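Okay, so here's the structure we're looking at.
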Amino acid sequence: MGFPFRVDARLVSALAIFLPALFVAGCGTSVERMDTAEVKDLSGAWNDTDSRLVSEEMIQDVLSRDWLLEFTRKHNKKPAVIVGEVLNLSHEHVNVNTFTADMERALINSGKVQFVASKGERGEVREERKDQDIHAAEATRKPMGQELGADYMLKGTINTILDTSGSSQVRYYQVDLTLIGLADNVKAWVGQKKIKKLVKRGNLRY
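Residue 823, in the working numbering, is where the sequence shown stops; the numbers in between run on with no holes.
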């Protein structure tokens with residue numbers, strides 16, 4: 618024998634509003650600010666820490682080699698360096714612009730070389746000079762044809778190898794950089810940095 622009861626329409630209406638709101642609150646986004654130097658690997662993929670550490674280590678290596686001392690002695694000046702193209706040949710997306718920016722910063726802050734603006738940056742500066750030819754006062758106008766030509770170009774590639782078995786995967790990254798003399802195409806330095814990561818997780822998907 619059942620017990621008849623009546624459901625208050627106001628209660629039903631209140632629950633209809635409250636329960637979805639409770640569900641949304643439970644699924645809300647949580648944000649935690651972190652120190653930018655803190656190492657945090659979530660997926661095992663290439664990240665900001667890899668970019669920073671690889672660039673700093675490789676720039677430190679290139680600046681410690683004999684080519685720099687030999688150039689300085691021969692020409693009695695710091696060599697002018699430009700960063701060329703770094704190709705991402707890996708299986709995943711790598712923000713190459715961030716990586717090249719990290720290398721540029723390390724080169725400039727070393728104080729051992731002069732750094733020449735990139736191709737894209739030079740184009741913008743040249744447009745400004747053209748504008749100055751028309752609009753700037755003679756005393757402040759910057760003439761064309763006075764740019765500092767680079768002595769060396771730094772370029773390279775980023776490659777990866779994946780080895781997956783079950784829920785485990787080894788991610789192998791190899792960064793190769795080459796410093797090339799623009800006057801004679803001679804390779805003054807070749808550097809290589811390797812990173813190896815073991816990633817373990819349930820229901821591994823890539």
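No residue lacks a Cβ here, since even glycine has one placed at the ideal position from N, Cα and C. Computed from a predicted model, the values in this text were never measured in an experiment.
- Separation of A662 and V700 (C-alpha to C-alpha, rounded to the nearest whole angstrom) is 24 Å.
- For D793, same chain residues with a beta-carbon under 7 Å away, outside a window of 5 residues either side, are G773, T774 and Q809 in chain order.
- Distances from the alpha-carbon of E702 to those of E709, V711, T717 and K694 put T717 closest.
- S782 carries a strand assignment under DSSP once its states are collapsed to helix, strand and coil.
- With respect to the 9 Å criterion, D768 and F688 are classified as neighbours on the basis of their beta carbons.
- Looking only at V803, K814 and L724, the smallest Cα-Cα distance to E673 is reached by L724.
- Distance from the CA atom of K729 to the CA atom of S782, rounded to whole angstroms, is 46 Å.
- In the structure shown, G740 falls within a helical segment according to DSSP collapsed to helix, strand and coil.
- Residue burial annotation: S647 is exposed, with fewer than 16 other C-beta atoms found within 10 angstroms of its C-beta.
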